[in-house]
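Asker: Take this structure first; my questions come after.
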Amino acid sequence: MAIRQYRFTSTLTEDDFVAYMAAFNRYNAYSGGMQKLSRIAFRVSGAFMMVTGLLNLVLSFYQTFVLHEPATATAWVSGVGFLIAGALVWLSQNADQAGRSLWKRYDNKGQPEVVRFSPNHYKKGDEKLEYSSVSAVYEDDSHYYLFRGRRQADILRKDGIDELGLEGFDKFLEEKTDRVIRTVK
């Protein structure tokens with residue numbers, strides 16, 4: 216009896232990278248919590264910058280209209296600048312934005328990627344990868360994400376599976392990687 220070999224062929228899109236970031240954030244939460252700490256730090260620093268900008272504008276307004284002493288243009292500009300910069304820092308931890316940023320740096324736009332799974336290893340293009348290199352496996356409705364360490368993952372589109380389909384792939388992947396597949400919502 217022949218051993219089933221799975222093959223995925225996919226041309227990744229920006230939407231795939233946005234979905235990947237949701238899985239990455241979930242994976243990162245399980246593997247240390249640095250993402251949450253980073254998000255909190257960005258929110259605190261963004262809030263601090265916005266409060267500083269607002270305070271600067273209030274004091275400039277008070278100086279100009281209550282004390283009748285002209286506030287410098289620098290005071291007004293720095294107040295507005297801090298408000299804008301604070302809002303940008305506050306919003307910069309958006310997963311969609313991070314996914315789009317990854318997509319912009321992705322070199323294989325429009326190129327189909329082929330990932331083949333055999334009993335002993337899997338191959339992404341010409342690169343031979345050991346199942347033991349997979350540190351976590353996540354899935355959503357449309358993808359599998361095979362994380363290799365903290366910064367690298369293989370994205371598999373479920374609609375890119377060969378004509379034999381996904382039947383048995385979950386079990387195969389869990390057995391070979393010795394990882395439970397976690398679901399991203």
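Position in the sequence shown (first residue = 1) + 215 = our numbering.
Ideal Cβ positions, reconstructed from N, Cα and C, are used throughout, including at glycine.
All of these numbers come straight from a predicted model, not from anything done at the bench.
Quick check on His200: buried or exposed, where buried means 16 or more other Cβ atoms within 10 Å of its Cβ?
Answerer: Any answer about residue 200 is impossible in this case: the structure gives the chain only from 216 up to 400.
Asker: Which same chain residues, not among the five before or five after Asp311, have their C-beta less than 8 angstroms away from its C-beta?
Answerer: The residues are Val233 and Met236.
Asker: Would you list the residues sitting across from Ser225 in a DSSP beta bridge?
Answerer: Partner(s): Glu328.
Asker: Identify whether Tyr321 lies in helix, strand or coil by the three-state DSSP scheme.
Answerer: Note: Tyr321 maps to coil in three-state DSSP.
Asker: Quick check on Ile299: buried or exposed, where buried means 16 or more other Cβ atoms within 10 Å of its Cβ?
Answerer: By the 10 Å Cβ count, Ile299 comes out exposed.
Asker: Cβ atoms of Tyr242 and Phe387: under 8 angstroms apart, would you say?
Answerer: No, these two residues do not count as a Cβ contact at 8 angstroms.
Asker: First and last residue of the alpha helix (DSSP H) that includes Ile299?
Answerer: Looking at the DSSP string, the run of the alpha helix (DSSP H) that includes Ile299 is Ala288 to Leu306.
Asker: Is the segment 342-361 close to the segment 253-273, with three or more CB pairs under 8 angstroms?
Answerer: Result no; under three Cβ-Cβ pairs closer than 8 angstroms.
Asker: Is Val349 helix, strand or coil when you go by DSSP?
Answerer: DSSP places Val349 in coil when its eight states are reduced to three.
Asker: Can you tell me which of Asp374, Arg219, Val329 and Arg366 puts its alpha carbon nearest to the alpha carbon of Asn240?
Answerer: The shortest Cα separation from Asn240 among Asp374, Arg219, Val329 and Arg366 belongs to Arg366.
Asker: So, are the CB atoms of Asp385 and Ile370 less than 8 angstroms apart?
Answerer: Cβ atoms of Asp385 and Ile370: not closer than 8 angstroms.
Asker: What does the alpha-carbon distance come out to for the pair Pro334 and Lys400?
Answerer: Cα to Cα, the separation comes out at about 30 angstroms.
Asker: With C-beta atoms as the reference, is Pro327 less than 8 angstroms away from Ser225?
Answerer: Cβ distance < 8 angstroms, so Pro327 and Ser225 count as in contact.
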